[in-house]
Amino acid sequence: MSDLWISMRPYPGRLNHVLRAMVACTIVVIMSQSLQVPLLALSLITVFFVTQTNIVVTRLTGILFIVGSTFSILLSLMVLKVTWNTPFLRILISFTLFFVSVFLMRTTKIGVVFFVVAIVAIYTQSLVDISPDAETLVRGILWVWVAVNYPIAVTLIVNSLLMPVEPEIQLKRAIGKQLSDMASLLSADATLLRRQNTLSQAGRDIQTLYRLLRYKTMRDKHAAQKGGHYLTAIAIVSELRTASCHLPASFEGEDVLKDAETLRNALKPLELMLINGEPDWQTKPPVLHSAEPAFIAIAGIISSYNKKVAAAENKANTQVPSPATHAGFLVKDAFSNEHYVFFSLKTLLSAAVCYLFYTATDWSGIHTIMLSCLIVAQPGLGNTQRKIILRLVGAAVGSVFALVTIVYLTPRIDTLFGLLCIVLPVIALSSWISAGPENVSYAGVQIMFTFALATLETFGPVTGLTEVRDRIVGIILGIIVAGLIHTLIRPEREGGVMLQNLGALFDEARSWLHSATRHNETRQKVATGLVECEDIAARVAIEPTWFSAEGSHDQLHQHSLSILNAIKNVLFYIDRVSFEKEHLKNQEPANEFILGIQGNMDKISSVLNGRTVSDGDVYYPVPDSVLPDSFRDAAKGLEESQRHFFNLTSTL
9 MSDLWISMRP YPGRLNHVLR AMVACTIVVI MSQSLQVPLL ALSLITVFFV
59 TQTNIVVTRL TGILFIVGST FSILLSLMVL KVTWNTPFLR ILISFTLFFV
109 SVFLMRTTKI GVVFFVVAIV AIYTQSLVDI SPDAETLVRG ILWVWVAVNY
159 PIAVTLIVNS LLMPVEPEIQ LKRAIGKQLS DMASLLSADA TLLRRQNTLS
209 QAGRDIQTLY RLLRYKTMRD KHAAQKGGHY LTAIAIVSEL RTASCHLPAS
259 FEGEDVLKDA ETLRNALKPL ELMLINGEPD WQTKPPVLHS AEPAFIAIAG
309 IISSYNKKVA AAENKANTQV PSPATHAGFL VKDAFSNEHY VFFSLKTLLS
359 AAVCYLFYTA TDWSGIHTIM LSCLIVAQPG LGNTQRKIIL RLVGAAVGSV
409 FALVTIVYLT PRIDTLFGLL CIVLPVIALS SWISAGPENV SYAGVQIMFT
459 FALATLETFG PVTGLTEVRD RIVGIILGII VAGLIHTLIR PEREGGVMLQ
509 NLGALFDEAR SWLHSATRHN ETRQKVATGL VECEDIAARV AIEPTWFSAE
559 GSHDQLHQHS LSILNAIKNV LFYIDRVSFE KEHLKNQEPA NEFILGIQGN
609 MDKISSVLNG RTVSDGDVYY PVPDSVLPDS FRDAAKGLEE SQRHFFNLTS
659 TL
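Its first residue numbered 9, the sequence shown is counted upward by one per residue in my numbering.
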């Protein structure tokens, strides 16, 4: 429940997102009800999908949806024209088109286009079964195109004119927030914050900055010609965030408190300079009184700003632009990775089974059974399981709202304004949820879609409850079929992928002990890599294991979260030892200690990469007494983290 509460909390930009979606949905409801444009639920879900965090992503998503819907409608009409009198051939070609679309959805960067193609390919089969003649069918398919594309135009206009969110503004706010958080970490009473400040959290913040920079570049075609100011700013903030992970939990001593205040004061002008982009502003190196390594590192990063700006400007002025290298249409392993083909086959099989049940029962109201098979089909078994849960919960909540509306509210309204008073609160709640993190966002879309299907598909009051029942039955049956097929037939588990990624990160981090250059260059890479591993571990944690026989599932995969936490501790202390070593005048005793733990590093790498672990006892050298206490404390932490890892893996 705590995670759910955190997911529902407001954050900067969430209310803006909700307001933009509500305005677009209000216009779409008024236009569809006034002009009697059918498929209003489809129009509203299009608004939800197209409304994104900023104007760049919104426009890109809208264009892809227009291309995908137009292409899919044309393909569907061509298939129906050729196979109208041959139902078996129609089904065969449609399912082939569905299979190819699902495959391309996984293997291309414009997967959303082929997602729309697959949705339309399978949805038109239900239209064929309920249409009395060819003309009605063609009109129905063309109305699908209208119901998808005019809301896209409305959404793009609303997002461009009303409260447009520019990526550059988002980037400046993110830089300012992270530097403000840094200043908070340097407060004497922020002991709890410093303990909660982890390398993976720093990596998540770094990912946010680079993603916003990419959006800004997409928005401004001439951004690459304006110097590397933002790239330099992100590099400095990223270094500060990773260095802040090694701040002592408590500040003790007058010199330490003075240095913390000095660094806080130095961050204020640095924040203004990075946000406003003043190239002539010169940083003054902070004068420190203590020997705290984290303070020394932060002061060095602040002082290095002038050098970084000069280097960036020199590079911008002298570098000859190289020809752009475009990535291929397909991912590199599109045809060599069997997961893509089996994923497409499993999705096709689930849709085919549901279509067989749909036609055999002649139950036209449960056409959502086939759509569920595609919607819940996600890369990785954990992703699929999460989508199943969100779709089921969202459909249940949306059905309850629809039931209350039909029974108690609809009989009391007879105007469009009254309809909006009922619909907009549900849209607001759904939009708020859909604007949240990935682990809850789809539930918001599903709440709105289920509610709209039951209450807004006609142009008058809805009095029957059959629609509500049929929609929820179709969703539940589709979820059951898709879930069983994806779980029982070659389940796509991600535990091995996480261990492989952890092995690569560990091999990168162990090089820090020998090279200060590698430490400074790749610390951000390892921090962001840990974020990806945490996301995978969260998905692995919800993978179903009820069908596995005792001991049949790899124990390392089942304990992936424990492995991840153990390696995070090891990486933290490797980073800490590297920091300490770089500030030593005589590094020879430290190098002797590092040489003594190489055998342990090799064993950990072998476990993570699935190689044979060499025999021999684990050796923990004792740091030389000439080394400072801070180094020996870091070495002790590294020893304890290694012991924990070996104790954990020895029981698996």
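Every residue, glycine too, gets a C-beta built ideally from N, C-alpha and C.
Here threonine 392 is actually not in contact with alanine 403; their C-beta atoms are around 16 Å apart, not less than 8 Å. Collapsing the DSSP output to three states places threonine 116 in a strand. By the Cβ criterion, the region 56-71 is not in contact with the region 79-98, since fewer than three pairs of Cβ atoms, one from each stretch, lie closer than 8 Å. When the Cα atoms are used, lysine 589 and alanine 642 turn out to be separated by approximately 10 Å.
Fully enclosed alpha helix (DSSP H) runs of no fewer than 4 residues occupy 376-383 of the region 364-408, in order along the chain. Following the DSSP letters along the chain, one finds valine 26 inside the alpha helix (DSSP H) bounded by residues 22-43.
The shortest C-alpha to C-alpha distance from glycine 373 to any of Thr199, Ser40, Asp137, Lys185 is the one to Asp137. By the neighbour-count criterion, in which a residue is buried when 16 or more other Cβ atoms sit within 10 angstroms of its Cβ, tyrosine 19 is exposed. Your pair glutamate 540 and asparagine 577 does not check out as a contact, with CB atoms roughly 18 Å apart and the cut at 8 Å. Within the same chain, and ignoring the five residues on either side of alanine 598 in sequence, the residues whose Cβ sits closer than 7 Å to its Cβ are Lys589, Leu592, Leu635, Phe639. Around the beta carbon of lysine 354, a 10 Å sphere encloses 16 or more other beta carbons of the protein chains shown; the residue is thus reported as buried. With 16 or more other Cβ atoms inside 10 Å of its own Cβ, aspartate 478 counts as buried.
For glycine 486, the number of other beta carbons within 10 angstroms of its own is at least 16, and it is reported as buried. At the C-beta level, isoleucine 571 and leucine 646 stay beyond 9 Å of one another.
Take the alpha-carbon of tryptophan 153 and the one of isoleucine 377: they are about 21 Å apart.
DSSP, reduced to helix, strand and coil, places leucine 473 outside both helices and strands of the structure shown, so it counts as coil. Excluding the 5 residues flanking it on each side, leucine 521 has same chain C-beta neighbours closer than 7 Å at Ile582, Val585, Ser586, Ile602, in chain order. DSSP, reduced to helix, strand and coil, places leucine 635 outside both helices and strands of the structure shown, so it counts as coil. In the DSSP assignment, histidine 237 falls within the alpha helix (DSSP H) that extends over 237-252. For leucine 47, the secondary structure class from DSSP, reduced to helix, strand or coil, is coil. At a Cβ-Cβ threshold of 9 Å, isoleucine 483 and leucine 357 do not count as neighbours.
Take valine 162, set aside five residues on each side of it, and the residues of its chain with a beta-carbon closer than 7 Å to its own are Ala32, Ile35, Val36, in chain order. Leucine 194 carries a coil assignment under DSSP once its states are collapsed to helix, strand and coil. Rounded to whole angstroms, the gap between the alpha carbons of proline 301 and threonine 225 is 36 Å. The three-state secondary structure of leucine 150, taken from DSSP, is helix. The three-state reading of DSSP puts leucine 353 in helix, counting H, G and I together.
When C-beta atoms of the region 64-71 are compared with those of the region 143-151, fewer than three pairs fall below 8 Å, so the two segments do not count as touching. Between isoleucine 309 and leucine 248, the CB-CB gap stays under 9 Å. When Leu100, Ser252, Cys253, Arg219 are compared, the shortest CA-CA separation from leucine 239 is found for Arg219.
About 5 Å separates the CB atoms of isoleucine 550 and glycine 390; that is less than 8 Å, so the two are in contact. Annotated as proximal: phenylalanine 73 and valine 120, with beta-carbon spacing under 9 Å. Note that the C-beta distance between phenylalanine 259 and alanine 210 is not below 9 Å. Taking 3 residues as the minimum length, the region 532-620 contains no beta strand (DSSP E) run wholly inside it.
Annotation for leucine 656: His567, Ser570, Ile571, Ala574 place their beta carbon closer than 8 Å to its own, counting only its chain and skipping 5 residues before and after. When Pro256, His237, Arg222, Lys180 are compared, the shortest CA-CA separation from arginine 202 is found for Pro256. Residues of the same chain with a CB within less than 6 Å of the CB of phenylalanine 459, apart from the 5 flanking positions on each side, are Gly406, Phe409, Ala410, Val434 in chain order.
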